[in-house]
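Student: Under the UniProt record's numbering, residues 1 to 128 are what the sequence shown spells out, in order.
For each residue, glycine too, the CB sits at the ideal point set by N, CA and C.
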Amino acid sequence: MEVIHKIGRRKTAVARVYVAKGKGNITVNKKDMAEYFTTAPLQYKVNQPLAMTNNDGNFDITVNVYGGGITGQAEAIRLALSRAMCELDAENRAILKPEGLLTRDPRMVERKKFGQKKARKKFQFSKR
1 MEVIHKIGRR KTAVARVYVA KGKGNITVNK KDMAEYFTTA PLQYKVNQPL AMTNNDGNFD
61 ITVNVYGGGI TGQAEAIRLA LSRAMCELDA ENRAILKPEG LLTRDPRMVE RKKFGQKKAR
121 KKFQFSKR
């Protein structure tokens, strides 16, 4: 098996994932995953596709991720890993699809409108 390369996106975060046979090391931007994602929920999100397909310690994963915040980056990695697991074995698709792990979340931040405080919030109107 050669290296599998997949891309995942969420909000403005873009993750490039490289999956190769190995012992289960996950490296994110040249750091260990536990060092990059310090909270348990983010680590769980990254490991979710591997745990659901029973591939926990089978692959070495290298990730390059940029843009967005830490949560968006974790979800971008999750999408890319899910796509890689589907390429490995077509049966994994039936496991990951019902959980929504193969769906690109299209929600983005709404732009700020001119003459307003934020996207929807307006300046206070006073009638004297």
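Could you say which of L50, N92, A51, M33 lies nearest to Q73 if we only look at CA atoms?
Tutor: In the sequence shown, residue 73 corresponds to position 73, counting from 1. Comparing Cα-Cα distances from Q73 to each of L50, N92, A51, M33, the minimum goes to M33.
Student: Taking a contact to mean a Cβ-Cβ separation below 7 Å, would you say I7 touches A84 in this structure?
Tutor: Locating residue 7 in the sequence shown gives position 7, where the first residue counts as 1. Locating residue 84 in the sequence shown gives position 84, where the first residue counts as 1. Contact: no.
Student: Quick one: Cα of R111 to Cα of T71, how far?
Tutor: Along the sequence shown, one-based indexing puts residue 111 at 111. Along the sequence shown, one-based indexing puts residue 71 at 71. So the two alpha carbons sit approximately 20 Å from each other.
Student: First and last residue of the alpha helix (DSSP H) that includes A13?
Tutor: By 1-based counting over the sequence shown, the position of residue 13 is 13. It is not in any alpha helix (DSSP H) - A13 instead sits in the beta strand (DSSP E) that spans 13 to 21.
Student: In the DSSP assignment, what residue or residues form a beta bridge with K31?
Tutor: Here residue 31 refers to the residue found at position 31 when the sequence shown is read from its first residue. Paired residues: V28.
Student: Since K45 is in the alpha helix (DSSP H), which residue starts that stretch and which ends it?
Tutor: Locating residue 45 in the sequence shown gives position 45, counting from the first residue. That run of the alpha helix (DSSP H) goes 40 to 52.
Student: Could you give the distance in angstroms between the alpha-carbon of V28 and the alpha-carbon of T62?
Tutor: For the purposes of this step, residue 28 is taken as residue 28 along the sequence shown, with counting starting at 1. For the purposes of this step, residue 62 is taken as residue 62 along the sequence shown, with counting starting at 1. The alpha-carbon atoms of V28 and T62 are separated by roughly 6 Å.
Student: Report the partner residues of K6 according to the DSSP bridge assignment.
Tutor: Against the sequence shown, residue 6 aligns to sequence position 6. Per DSSP, V17.
Student: Report the option in D105, K113, V19 whose CA atom is closest to the CA atom of A76.
Tutor: Numbered from 1 along the sequence shown, position 76 holds the residue referred to as residue 76. Here the closest residue by C-alpha is D105.
Student: Assign P41 to buried or exposed, taking buried as 16 or more other Cβ atoms, counted over all protein chains shown, within 10 Å of its Cβ.
Tutor: As a working mapping, residue 41 is identified with position 41 in the sequence shown. Flag for P41 reads exposed.
Student: Within 10 Å of its beta-carbon, does T53 have 16 or more other beta-carbons around it, so buried, or fewer, so exposed?
Tutor: Looking up residue 53 in the sequence shown gives position 53. Result: buried.
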